[in-house]
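Protein chains in written order, with our numbering: chain A, 4 to 155; chain B, 4 to 155. We put the CB at the ideal spot given by N, CA and C, even for glycine. Please read all numbers here as calculations on a predicted model, not as lab measurements.
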């Protein structure tokens, strides 16, 4: 049984999942802390999506930690398929949320001061960047697992 | 050699490609005709992406028409891989463009009259919907071809 680096149960996968958990949490925190994000649809959407991505990636971090450091778990095609579909759906939602946030932030920056007081816009930008990074890592995980699937 | 419905050279694929070509052209026309779309980054981005999607999908419509009605072309794994990667990249770009456009339009609708004169905002909305449909069909094509790839 060949081992694909980045597929479930490898240390590369653990690194990808840790990255997803860190970036999605950072994106949520940059957007939430002290900002009335619910006045903008795009920002509420980002917060909702990150609320799904964070528990998903933390669960998979725990599975990977167990698999790497304690005991290699057996791979079952059905479970791996479910993980691939979950990753794919969440990565598409993250991409949509990140690009919505980025474009709305760009528009607010154009309008200027009344909507961007106290460096709020740079926080929106940071949040969008973190969401893009989280999307990229989820998508990479999904592709690596998809590559692994036929050999099971 | 099994035939996957929706993979290159089938009539389902031709229908998907036709849908992509129609929806992406509609999205471009709703956005461009008589509107200063270049004052907004998100709208310029949508127009740029649709400028790539339209020739791509029209080329593949022609290939599929030839393959369905004239002579079944042989499938080569390399060409199919290139088509899958192209579809995947363009579908991700379309999704990002569609969600950016949708969120900016939502913000403009909130602000109201000065930015939404002469039903411009409903045209932006229609353009975003068409871009979402084009994304969905590109992504479906990409997945069907990916499913077909291992059997080559």
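Item, Value
"From the beta carbon of residue 107 of chain A, is the nearest beta carbon of chain B less than 7 Å away?", "yes"
"Going straight from the alpha carbon of residue 51 of chain A to that of residue 73 of chain B, what length do you get?", "50 Å"
"Give a yes or no on whether the minimum CB-CB distance between residue 4 of chain A and chain B is below 7 Å.", "Low per-residue confidence applies at residue 4 of chain A: pLDDT is 49, beneath 50, and the placement is therefore not dependable, though the value from the model is reported in the following sentence. Not one chain B Cβ lies under 7 Å of residue 4 of chain A."
"Near residue 27 of chain B, which residues of its chain fall below 8 Å by C-beta distance, leaving aside the five closest residues on each side in sequence?", "53, 56, 57, 60, 97, 133, 134, 137"
"Is the Cβ-Cβ distance between residue 45 of chain B and residue 107 of chain B less than 7 Å?", "yes"
"Nearest to residue 34 of chain B by alpha carbon, out of B:127, B:82, B:118?", "B:127"
"Please tell me whether residue 85 of chain B has its Cβ less than 7 Å away from any Cβ of chain A.", "no"
"I want to see whether chain B comes within less than 7 Å of residue 17 of chain A, judged by CB atoms only; does it?", "no"
"Along the stretch 30 to 64 of chain A, what residues have a CB closer than 8 Å to any CB found in chain B?", "43, 44, 45, 48"
"Would you grab the beta carbon distance between residue 12 of chain B and residue 75 of chain B for me? Rounded to a whole angstrom, and I think it's under 8 Å.", "6 Å"
"Quick one: Cα of residue 14 of chain B to Cα of residue 95 of chain A, how far?", "28 Å"
"Can the beta-carbon of residue 90 of chain B be found closer than 7 Å to that of residue 16 of chain B?", "no"
"Enumerate, from N- to C-terminal direction, the unbroken alpha helix (DSSP H) stretches of 4 or more residues contained entirely within the stretch 44 to 104 of chain A.", "44 to 68"
"Going along the chain, which residues of its own chain have a beta-carbon closer than 6 Å to the beta-carbon of residue 70 of chain B, five neighbours each way excluded?", "12, 76"
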